[in-house]
Amino acid sequence: MTVKNGEPMAEIEELKKMAQVVLSKKGRMDARQREETSHLVASALANGSLDLSEILSSLEVFQSEAIGQAIEQAWPTLSGDRREIFSRWLPEPKSEKATRRVAILAAAVLEVDGVTALGWLGRLIPQSPKGKMNRETCQILASIFLGSKPLRFVRLGDGGEHSENLMRVLNALLQVAVDDHCAVETMARYRLVEDILTIISQKGLVDSDESKVIFTRIEIEIKRWPQALIEQFVQTLQRRIPDVELLLNKLLPKGKSAPSTPDRILHEQGADQQSEERIDTAGDKTQINSPLGQHIASLTSQLDELRVLAKVLSEEERRKKELERHLQETEMRESSLQVRVKQLSDELENAATRFKTASIQIEELERANKLTKESMEIERQRLTQQITANASGRVEEFKNNLALVLSRLIRDLPARDAHLTADVGNIVFLQFHQFLDVMDGQGVKIRKGKGAV
Amino acid sequence: MVSFGIDFGTTNSSAVKCVENVEPLRFGDDAGRPFPSIVAVDKGLGVAESGRHVWENRDEYIESGNYHVVRSVKWDLGTSKVWETESRIWTAEDIAAEILKKLSTRAETLGLEPITHAVVSIPVGYPPAARAALRRAASQAGIGLSAFVTESTAALIRYLPALRHCHHVAVFDWGGGTLDISVLRIDGQRVYEIATEGMDIAGDAIDLDFAKAIHARTMESRKQKVAFESMPSIDRDNLRIKCETAKCQLSSQESAQILLTSYGGQTLNERVDRAWFESLISAHVDLAIELLSRTIEGAKLSFDAINRIIVIGGSSNLRLLHSTLGTDKRFAGAILTSEGAEWAVAEGAAMVEGSKGGYETAESIGIILSDNSFYELVQPGERIFASPRSVSLSLVEDSRRANLIIAKRGLDGHDGTPARILEFGVDTMGFDLEQIDLTYSINNDLVLRVEALSRALGSRSRGLREYDKLRFGYHL
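Protein chains in written order, with my numbering: chain A, 1 to 453; chain B, 1001 to 1476.
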C-alpha cells in the first residue's frame, strides 16, 4: 500500500480502512499487513499536518508490534508536542495487553530516545520499593527486552532524570533477567549487566544506596557465568569505565578482579557460604536466604519448571500426534492429488494430441479444398473447351452430312464441258430439284421460282 | 467419371463417351454417322483408307485392283488371314486397329480426349481367338479394353431405365450386315441371355436387292439382258447409293425417284413407290420377324412372356418393319424404338464401363467323374475369375491316359443330364490313384480355360482346352 504525498486526508482514510480490516479480523494481522500498517502509521505520525488524535484513535486496533515498528521509524521526526500526545495516549498497564503494548513501544523507542523509553518502562514497574512485579509483567519484559534481539540499555541513562527512577528500572530489569522463571539467555543477562554497570558508573551512582541491591544481584549473577565470559566482562568494563577496579572490587573478591582460571571459579563457588555471609553483611537480608532455603526454593522452582515442562511435553506430544495425523492426511491428499494431476496431465496430453490431430485434419481439409477448387477450375475449363470443341464438331458434322447427302445425289454429275443430250439434261434438271428438296429437308430453305414447285 | 463404349460392328462401328450428368457424346465419321467398318489398303503404298468414301465406292475400289478392300474385319480377327502390300503385311488386327484409331481420333476432336479405355461389344459366341485379337487391336490403337459385353446385353442396359418392370426382353438388332436377335431374362439384378439367333440378311443385302430390282426394271425397259454384276463397278456403286438414299426416303415418303445421268451409257430415271419397294423387301422383313419368333420359341417362352422388344440398328428404321411388327398380334405393344437406334449398343457398352456390374456364370460347370457323377467346379452366379482355381483328381484305372470330361448344366443347375463341353486326355504314369491336377479359370474374354497334368509326369503331360460358349449373366 502506498500513500501519496500531498494527500493527508488519504492517509487517515487509509488508516481507517486498514483499521476496519483488522477489526473485521478480530485484531489478527499477518506479516504483510503488519508491514504495511507500520509504514502507514509511521508516515501518518511524521506528517505534522495530520491530526494526531485521529491517527491515535485508529491505532487502538492495530497490533503493538506494528505500532512499535512505526514509532521506531517516526519518533525522531515527531515534535515535542506530538511526542507528549503520543505518550499520553499510551494505556495504563492494567491489563496484560496494555502492559505488553507499553513494553513493546518502550523497546521500540529505546534506541532513539532512551529517556522516553525509561519513562514508559517506569510505568510498568511498581513505584514502591516493596512492590513486586507480577509474573506476567516479568515474562513480558523478559521476552521483549531480553529476547533474541539485543537492545542498548545504556540509552536508558541518556537523560538527566532523577536517578531513583533510573535505578528502579534497572533493578527491575536485572531482577527479571536473573529470575529463573523468565529463562533469560546468559548473553542477554550479560549484556544487561554490562549496560547497567556502564550507566551506574557514568552516572556516578556506584556508591548510591540503590546500587547496592543491583550490585548484589550482579555479583550472584556473575558467579553463574563461565570463566571466559567473566574475563570478557572484565575486559569490556575496563574499556568502558575508567576506574573500573573500584567497581570490580565490589563485584568480585578482593585481589581477584580478573579471574583467569576455572579452578578459581570453582573455588569461589565452593565458598558460597562465605559469599552469602558477605552479602548478608551488605545489609539486604530479605534478598538472601540460607543455603538450605535457597536450595529448597530452587528445588521448588525446578519442580514447577519440570511440571510446566511435563505439561509442555504432553502438549507437544499431543500436537506431534495431531501433526502426524495431519501429515498422514496430507500425504493421502497429496497422493490423491498426484493421481488427479496424473489424470489431468494425461487428459491434457490427450487433448493436445487431439488438438494436433484436428490441426492436421484442418490443414489436410484446407489442402483438399484448395485442390478441389483447382481441379474444379481445371474441369470447368476442360468442359468449356469440350463443349466448344463438340459444338464446332457438330456443326462440322452437320455440314459434312449435308455434303454427303448432296454428293450422293450428284455423284454422276457430268463434267462442265460435257456435251449434254436432252435426256441427260432432263436428268440433271430433275437431280437439281432433288438437290433443292434435300436442302429443304435439311433445313436449308432456298427460295425457288414459281415454276420450280 | 469418364467411360467409353465401342460397338465394333460388322458394317459400322461407333463409340460413345459417357460423363456423369452430361448427354452422351457419339463418335462416328465426320458426318455424324457411325463409322463404316470398311478399310481399303493400297497394295502398292501399303497405306490404308477408311470411312464413308471407301464404303460408297467399294466396288470401284475392288475392281480397280489397286486395293485390298476389307469389308468386315470383325470376323477375320482371330484367323491367320493377312493382306500383303509392297511395303508391309497387314493383319486383321492392324485393320481393326485402323478403325479403332479413327474412332479414337474422332473422340479426341470432339471430346478433347482420345479413347484410352473402353468396354467393347461383341456378338454372342464371338470366338475366343477373335476376342483376344480384338483386345490386341484395341491395345495397338491405344485403347485399354476394360471388358467385353455382348451386343444384346449392352442394348438392354442402354434401355434399362424403361425395362425395370420387365422379366423377359428381346433385342432385335438389324444393322447393315447382320440381324442379331437375343432373348434376355432379367432376374433381379442379373441379366441372362437365354436364346440368340442371327442371319446375314440386313441393310446391305436389302440395298443390293433394291439395286438389282431397279437394274432389272431398267434392262427390261431398255429391252436389254445385261446382268447387274456385268455393269461397270462405278455404275453399280452409283445405283446402290441412289437406292440406299431412296430406301431412306421411302420410310417417310410415298415415292422416290432414282436418277442417274449414266448407267450402262444411258440415263436412268426410275420412280419407285413405297408399295412396290415394300413388296420387294417384304420377304426380308418376314424372314426377320420369323427369326424373332423362332428365337423366342427357342427360349421356351410364349410371346406374351416377352415384355419388350428393343428394336435397334440402322435397318430398324424400315417403315415396313414397324408396320408389320405393329400389326402382328404376337408383338404388338411390346415394341420399343428410339431415336439414334444405331448408337444404342455403343451407349450401352459405355454405361457398362461406368457401372460396377460384371459378368457371372449362368450355368453350372463341372467335371464328370468315373462313376458318371457331376462334380461341380463353378456354381451358377459366380463372378468370372481370371486367377486359376485348382482341384486334384485321382486316376482310378490302370491306364496311361486320363480322360477328362468337362460339362455344364442349365441355369437352375438341375436341367437334366449335364452337357459335355470339353473332352480331352492327359498322359499319365498309369499308377493307381495317380494325382491329376486340374486348374480352371474364366477370363475377361469370357472364355473357360481348363488345364490338366499328371503330377507324376509334370508339364510334359499338360493338356489345355478352352470353351467360349458358356452362358453368362450380367450383374447390373
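All C-beta atoms, glycine included, are put in the ideal place defined by N, C-alpha and C.
Fair warning: this is a prediction, and the values are worked out from it, not measured in the lab.
Outcome for residue i when other beta-carbon atoms lying within 10 angstroms are tallied against a minimum of 16
i	result
Val962/B	Within the shown structure, residues of chain B are numbered from 1001 to 1476, placing residue 962/B beyond reach of any answer.
Ala1283/B	exposed
Val339/A	exposed
Phe429/A	exposed
Trp1055/B	buried
Tyr1126/B	buried
His1545/B	Nothing can be reported for residue 1545/B: it is not among the residues displayed for chain B, which extend from 1001 to 1476.
Arg28/A	exposed
Phe1331/B	buried
Pro242/A	exposed
His419/A	exposed
Gln386/A	buried
Gln381/A	exposed
Glu315/A	exposed
Tyr1375/B	exposed
Gly48/A	exposed
Arg155/A	buried
Length of the line joining the Cα atoms of residue i and residue j
i	j	result
Leu1280/B	Gln1249/B	15 Å
Lys448/A	Asp437/A	11 Å
Arg1491/B	Arg411/A	Outside the shown range of chain B, which is 1001 to 1476, sits residue 1491/B, and nothing can be said about it.
Thr281/A	Leu174/A	Low confidence applies here, because Thr281/A scores a pLDDT of 47, under 50, leaving its location unreliable; read the following figure in that light. Answer to the nearest angstrom: the Cα atoms are 21 Å apart.
Val1016/B	Leu1156/B	16 Å
Lys94/A	Phe233/A	37 Å
Leu229/A	Leu309/A	29 Å
Gly293/A	Ser208/A	29 Å
Ala1362/B	Phe1472/B	5 Å
Trp75/A	Ala297/A	44 Å
Glu84/A	Glu96/A	23 Å
Leu141/A	Val41/A	24 Å
Asn1012/B	Ala1288/B	20 Å
Gln202/A	Asn249/A	17 Å
Thr1337/B	Ser1251/B	15 Å
Ile196/A	Glu305/A	28 Å
Val444/A	Lys399/A	11 Å
Ile956/B	Glu374/A	Beyond the ends of chain B as shown, which are 1001 and 1476, falls residue 956/B; an answer cannot be given.
Thr357/A	Pro1114/B	43 Å
Ser1394/B	Lys1469/B	28 Å
Glu1347/B	Gly1044/B	38 Å
Gly1198/B	Thr384/A	44 Å
Val341/A	Phe355/A	20 Å
Residue i: CB within 6 Å of a non-hydrogen atom of the ligand PLP
i	result
Ser1080/B	Of the ligands one can find in the structure shown there are none, so the ligand PLP has no counterpart to examine.
So within the region 1379-1423 of chain B, which uninterrupted beta strand (DSSP E) runs reach at least 3 residues, ignoring any that extend past its ends? You should have 1389-1394 and 1401-1409.
Whole beta strand (DSSP E) elements within the region 1012-1092 of chain B, 3-residue minimum: Fully enclosed beta strand (DSSP E) runs of 3 or longer: 1012-1019, 1022-1027, 1039-1042, 1048-1050, 1067-1070, 1082-1084 and 1089-1091.
When the Cβ atoms of the region 1138-1156 of chain B are set against those of the region 1457-1466 of chain B, are three or more pairs found closer than 8 Å? They do not touch, by the three-pair rule.
Inspect the CB distances between the region 1439-1458 of chain B and the region 1318-1326 of chain B and report whether three or more fall short of 8 Å. No, because fewer than three Cβ pairs between the region 1439-1458 of chain B and the region 1318-1326 of chain B fall closer than 8 Å, the two stretches do not touch.
For the region 1267-1285 of chain B, which residues have a CB atom closer than 7 Å to at least one CB atom of chain A, in sequence order? Near chain A, meaning a CB-to-CB distance below 7 Å, the residues of the region 1267-1285 of chain B are Thr1267 and Asn1269.
Compile a chain-ordered list of the residues in the region 420-446 of chain A whose CB is closer than 7 Å to at least one CB of chain B. Those would be Asp423, Val424, Ile427, Val428, Leu430, Gln431 and Gln434, in chain order.
Short-range partners of chain B found in the region 372-387 of chain A, where Cβ spacing is below 9 Å: Within the region 372-387 of chain A, the residues whose Cβ lies closer than 9 Å to some Cβ of chain B are Arg382, Leu383, Gln385 and Gln386, listed in chain order.
Closer than 7 Å, Cβ to Cβ, to anything on chain A: give me those residues from the region 1210-1239 of chain B, in chain order. Hits within the stretch, in order: Asn1238.
Going along the chain, which residues of the region 1092-1107 of chain B sit with their C-beta nearer than 8 Å to a C-beta in chain A? Per Cβ criterion, the list is empty.
Counting pairs of beta carbons, one from the region 1160-1178 of chain B and one from the region 1089-1108 of chain B, are three or more of them closer than 8 Å? Touching, no.
Specify whether the region 1381-1389 of chain B and the region 1038-1053 of chain B touch according to this definition: at least 3 beta carbon pairs, one from each stretch, less than 8 Å apart. With the cut-off at 8 Å, the region 1381-1389 of chain B and the region 1038-1053 of chain B do not touch.
In chain order, which continuous runs of the alpha helix (DSSP H) of length 4 or greater are located wholly inside the region 1115-1182 of chain B? Within the region 1115-1182 of chain B, the alpha helix (DSSP H) runs of at least 4 residues that lie entirely inside it are, in chain order, 1128-1140 and 1151-1158.
What are the residues of the region 329-357 of chain A that lie near chain B, defined by any Cβ-Cβ distance shorter than 8 Å? Answer in chain order: no residues at all.
In chain order, which alpha helix (DSSP H) runs of at least 4 residues are fully inside the region 85-122 of chain A? Counting whole runs of 4 or more residues, the region 85-122 of chain A contains the alpha helix (DSSP H) stretches 96-110.
Can you confirm whether the region 1339-1346 of chain B touches the region 1259-1276 of chain B when touching is taken to mean that 3 or more C-beta pairs between the two stretches lie within less than 8 Å? Taking a cut-off of 8 Å for Cβ pairs, the region 1259-1276 of chain B and the region 1339-1346 of chain B do not touch, as fewer than three such pairs fall below it.
Within 8 Å, do at least three Cβ pairs link the region 59-75 of chain A to the region 102-119 of chain A? Short answer: they touch.
Three Cβ pairs or more, each shorter than 8 Å: is that satisfied between the region 1118-1132 of chain B and the region 1144-1154 of chain B? Yes, the region 1118-1132 of chain B is in contact with the region 1144-1154 of chain B.
Could you check whether the region 177-192 of chain A touches the region 142-154 of chain A, counting it as contact only if at least three pairs of C-beta atoms, one from each stretch, sit closer than 8 Å? The region 177-192 of chain A vs the region 142-154 of chain A: in contact.
Could you please tell me which residues of the region 1031-1042 of chain B, in chain order, have their CB closer than 9 Å to any CB of chain A? The residues in question are Ala1031, Gly1032 and Arg1033.
Where in the region 1307-1380 of chain B do unbroken runs of the alpha helix (DSSP H), each at least 4 residues long, occur, reported from the N-terminal end onward? Those alpha helix (DSSP H) runs which fall completely within the region 1307-1380 of chain B and span 4+ residues are 1319-1327 and 1344-1354.
Between the region 1212-1223 of chain B and the region 1188-1195 of chain B, do three or more beta carbon pairs fall short of 8 Å? These segments do not touch.
In the region 403-415 of chain A, which residues sit with their C-beta less than 8 Å from some C-beta in chain B, listed in chain order? Of all residues in the region 403-415 of chain A, only Ala403, Leu404, Val405, Arg408, Leu409, Arg411, Asp412, Leu413 and Pro414 come within less than 8 Å of chain B when Cβ atoms are compared, listed by chain position.
Could you list the residues in the region 1109-1125 of chain B with a C-beta less than 9 Å from some C-beta on chain A, going in chain order? Taken in chain order, the members of the region 1109-1125 of chain B whose beta-carbon sits within less than 9 Å of a beta-carbon on chain A are Thr1109, Leu1110, Gly1111, Leu1112 and Glu1113.
Every unbroken alpha helix (DSSP H) inside the region 1264-1309 of chain B [4 residues or more]: Fully enclosed alpha helix (DSSP H) runs of 4 or longer: 1274-1298.
Which runs of the beta strand (DSSP E) fall wholly inside the region 363-388 of chain A and span at least 3 residues, in chain order? Within the region 363-388 of chain A, no complete beta strand (DSSP E) run reaches 3 residues.
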